[in-house]
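Chains as they are written, first to last, in the working numbering: chain A, 35 to 297; chain B, 23 to 146.
What follows is a single structure, written as structure tokens, with notes after it.
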């Protein structure tokens with residue numbers, strides 16, 4: 035079996051900060067000296083490339099090209115550490131090993147996927163091949179919110195699943211469904227991460243209540259942050275503002291992932 | 023003239039068209055079958071000795087007996103959720119996921135969208 039671990043980041047609803055969390059976690063794990071890949075399987079509404087300073091012109095080959103036999107995984111992997119650009123946070127990755135496997139943001143490519151469907155054999159081969167071709171220690175998968183088939187496949191093949199939720203009743207109900215599904219799929223390591231927690235909540239108490247409700251560990255409680263919103267996905271927040279409370283919480287989640295190596 | 027590789031590839035493709043498991047089906051599988059499918063999703067393809075090696079490396083609680091492993095493999099191949107190429111100890115198993123069908127939206131919507139996007143340069 036591939037030695038690299040697959041870490042899927044999921045949320046039942048949109049707007050939880052999933053792509054920001056995925057990109058920042060991947061960056062923190064890369065800074066810890068690991069070889070890291072980030073795959074965007076949110077084929078219908080890709081976005082994580084923005085956090086790594088990419089737009090359509092800089093993107094090159096994408097997962098869509100791989101799914102349509104127009105590119106190999108080797109051709110898609112974009113070495114972020116060699117393309118850090120001028121952003122303060124992103125530039126800290128220049129001595130790491132981190133690759134992005136983006137999905138296309140071309141309207142034509144998204145329309146083609148929606149029209150023709152997805153070859154899941156091919157998608158799964160792609161996910162596993164990123165690990166072997168790039169000798170990855172960790173592959174982070176940014177998924178589409180909610181439970182669709184791409185998401186279920188990424189959960190089924192994961193070693194670690196991180197479910198992000200906000201302290202919101204809709205999120206709580208949706209997370210309950212996702213946790214049940216993850217358990218049905220025998221995911222070995224399941225963590226919850228609370229994001230956008232209002233200052234009125236005591237993080238310790240919130241963590242305790244959520245852990246009790248879902249019988250699963252909460253790896254971090256990250257605050258609702260105007261600074262984060264102001265960053266507007268223009269840089270990797272936890273690298274740019276390492277002393278911010280959001281960044282500290284995020285690093286706690288990265289540490290929980292890395293600690294599994296010693297399990 | 024087609025070689026052995028071409029013939030095997032065609033055999034796999036023919037069998038893949040006969041069915042396949044959806045990611046949703048994985049959720050409802052009995053534990054032993056799900057365990058094998060999870061292993062196969064990561065391995066992509068594996069022979070029986072390799073599967074035995076992986077199962078033997080699992081914790082005692084997760085381990086399957088040889089009888090249970092063979093029974094699970096038989097059940098999964100019968101439903102074309104795994105494709106078996108070859109026979110006996112030399113058989114290779116390969117996971118077979120069912121393709122997700124495209125959107126059922128009336129074709130006219132996609133033609134209209136294609137037409138709209140066609141005027142846009144590819145690298146814009």
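Backbone N, C-alpha and C define an ideal beta-carbon position, used for all residues, glycine too.
DSSP state of residue 146 (chain B) mapped onto helix, strand, coil: By one-based count along the second chain, residue 146 (chain B) stands at place 124. Summary for residue 146 (chain B): the model assigns pLDDT 45, below 50, so the residue's position carries little reliability, and this model does not support an answer.
Cβ-Cβ distance between residue 194 (chain A) and residue 223 (chain A) below 7 Å: Within the first chain, numbered from 1, the residue matching residue 194 (chain A) stands at position 160. Within the first chain, numbered from 1, the residue matching residue 223 (chain A) stands at position 189. The answer is yes: Cβ separation under 7 Å.
Residues of its chain near residue 88 (chain A), where Cβ-Cβ distance is below 7 Å and the 5 sequence neighbours each way are ignored: Taking the first residue of the first chain as position 1, residue 88 (chain A) is located at position 54. The residues are 136.
Alpha-carbon spacing of residue 189 (chain A) relative to residue 51 (chain B), whole angstroms: To locate residue 189 (chain A), count along the first chain from 1; it is residue 155. To locate residue 51 (chain B), count along the second chain from 1; it is residue 29. Their Cα atoms are separated by approximately 15 Å.
Contact set between the region 137-163 of chain A and chain B, restricted to residues whose Cβ is under 7 Å from the partner: Answer set for the region 137-163 of chain A: 141, 142, 145, 148, 149, 150, 151, 152, 153, 154, 155, 158, 159, 162.
Endpoints, the alpha helix (DSSP H) within which residue 101 (chain B) is located: Translated into the one-based positions of the second chain, residue 101 (chain B) becomes position 79. Note, residue 101 (chain B): premise wrong, no alpha helix (DSSP H); not H, not E.
Residue interval of the beta strand (DSSP E) (run including residue 69 (chain A)): Position 35 of the first chain, counting from 1, holds the residue named residue 69 (chain A). Segment 69-74, the beta strand (DSSP E) holding residue 69 (chain A).
Local Cβ density within 10 Å of residue 146 (chain B), reported as buried at 16 or more and exposed below that: Sequence index remark: in the second chain, residue 146 (chain B) carries index 124 (1-based). Because the pLDDT at residue 146 (chain B) is just 45, under 50, the model does not fix this residue reliably, and the value given afterwards should be weighed accordingly. Counting Cβ neighbours within 10 Å, residue 146 (chain B) comes out exposed, since fewer than 16 surround it.
Rounded straight-line distance, which links the Cα of residue 244 (chain A) to that of residue 238 (chain A): Sequence index remark: in the first chain, residue 238 (chain A) carries index 204 (1-based). Sequence index remark: in the first chain, residue 244 (chain A) carries index 210 (1-based). Each residue's Cα considered, the two are about 10 Å apart.
Own chain, CB closer than 6 Å to residue 132 (chain A), minus 5 neighbours either side, in chain order: Against the first chain, residue 132 (chain A) aligns to sequence position 98. 64, 70, 114, 115.
Positions along the region 206-227 of chain A whose CB lies within less than 7 Å of some CB in chain B: 215, 218, 219, 220
Within chain B, partners of residue 190 (chain A) - CB distance below 7 Å: Residue 190 (chain A) sits at position 156 when you count from the first residue of the first chain. Contact of residue 190 (chain A) with chain B by beta-carbon distance below 7 Å involves 45, 48, 60, 63.
Supposed contact pair residue 95 (chain B) and residue 54 (chain B) - C-beta distance, whole angstroms, cut 8 Å: Reading the second chain from its first residue, position 32 is the one you call residue 54 (chain B). Reading the second chain from its first residue, position 73 is the one you call residue 95 (chain B). At roughly 10 Å, the Cβ-Cβ gap does not stay under 8 Å, so residue 54 (chain B) and residue 95 (chain B) are not in contact.
7 Å Cβ cutoff, residue 256 (chain A) in contact with chain B: Counted from its first residue, the first chain places residue 256 (chain A) at position 222. Chain B contact via Cβ: absent.
Residue 149 (chain A) versus residue 48 (chain A): straight-line alpha-carbon distance, rounded: On the first chain, residue 149 (chain A) is found 115 positions in, with the first residue counted as 1. On the first chain, residue 48 (chain A) is found 14 positions in, with the first residue counted as 1. Cα to Cα, residue 149 (chain A) sits roughly 23 Å from residue 48 (chain A).
Interface residues of the region 173-189 of chain A facing chain B [CB-CB below 7 Å]: 183, 186, 187
C-alpha gap between residue 138 (chain A) and residue 111 (chain A), whole angstroms: Position 104 of the first chain, counted from the start, is the residue given in the question as residue 138 (chain A). Position 77 of the first chain, counted from the start, is the residue given in the question as residue 111 (chain A). Spanning the two alpha carbons is a distance of roughly 13 Å.
Members of the region 106-126 of chain B near chain A, C-beta cut-off 8 Å: 117, 118, 119, 120, 121, 122, 123, 124, 125
Three or more C-beta pairs below 8 Å linking the region 66-83 of chain A and the region 118-133 of chain A: They touch, by the three-pair rule.
Chain A residues whose Cβ lies nearer than 9 Å to that of residue 56 (chain B): Locating residue 56 (chain B) in the second chain gives position 34, where the first residue counts as 1. Residues of chain A passing the Cβ test: 190, 218, 219, 220.
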